[in-house]
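See structure below.
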Amino acid sequence: DMETLDPWLIVIDEGTLMLADSSIAGFVASAVQGTRQYGLYVFMTGQTGNTKVIRSPIRSNFPTRVCYATEKPSMIAALGAVPEGTLADIPGRGWARLKGRLEPYMMQAPYIRRDQFYKMIERNGPKNGMPEALEEGREWTRDYLRETWASLPEQTKSAMCRALGKATGGQGWGEVD
1 DMETLDPWLI VIDEGTLMLA DSSIAGFVAS AVQGTRQYGL YVFMTGQTGN TKVIRSPIRS
61 NFPTRVCYAT EKPSMIAALG AVPEGTLADI PGRGWARLKG RLEPYMMQAP YIRRDQFYKM
121 IERNGPKNGM PEALEEGREW TRDYLRETWA SLPEQTKSAM CRALGKATGG QGWGEVD
């Protein structure tokens with residue numbers, strides 16, 4: 001009797017900066033391909049949405065793409081054909097390419113100021129056993145990652161390992177590399 005797991009969202013902030021390293025780009029592509037079947041979804045943000053940074057193997061695994069605050073045509077190249085001279089330079093204005101639609105379209109999303117965003121996060125808090133935000137004064141050390149990993153429910157760790165093609169038990173279980 002399999003227990004249904006709640007979906008998880010993995011956020012990769014400044015993902016385009018990380019994709020400059022080809023070994024990381026390969027890992028991200030593998031992770032995105034393998035995670036959906038386990039209810040893990042990846043949301044990647046970045047400053048540069050051009051095709052030199054977000055290459056086809058990764059881009060094709062993100063059927064929904066949105067570009068905000070574009071100043072140059074190359075910034076929206078990852079979306080595909082966008083009409084000439086229609087940049088998204090208004091807060092909350094952006095271009096979107098959704099799964100199943102051939103052409104990208106301009107959209108307006110609610111614009112949330114940074115202070116409003118933090119209040120929303122504080123009010124709703126973490127769900128599904130997600131680790132708390134990094135405590136003030138702590139650094140991302142190997143020990144901190146091990147503590148965080150150990151605090152997650154076993155079913156969450158198992159699902160994440162399966163999604164990433166790692167062993168779910170025995171040798172190396174719980175190691176953070």
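Residue numbers (the numbering used here): 1 to 177. The C-beta atom is built at its ideal place from N, Cα and C for all residues, glycine as well. No experiment lies behind these values; they were computed from the predicted model shown.
- [ ] Determine the contact status of tyrosine 38 and leucine 9, defining contact as a CB-CB distance below 8 Å.
- [x] In this structure, leucine 9 does not lie closer than 8 Å to tyrosine 38 by Cβ.
Task: Under the three-state DSSP convention, the category alanine 20 falls into - done: In the three-state reduction of the DSSP assignment, alanine 20 falls in the coil class, being assigned neither a helical nor a strand state.
Open item on the list: Applying the 10 Å Cβ sphere with the 16-neighbour rule, what's the burial state of threonine 45?
Closed with: Label assigned to threonine 45: exposed.
Task: C-alpha distance - threonine 156 paired with arginine 146, whole-angstrom precision - done: Each residue's Cα considered, the two are about 15 Å apart.
- [ ] Identify every residue that forms a DSSP beta bridge with alanine 25.
- [x] BP columns for alanine 25 are empty, so no partner.
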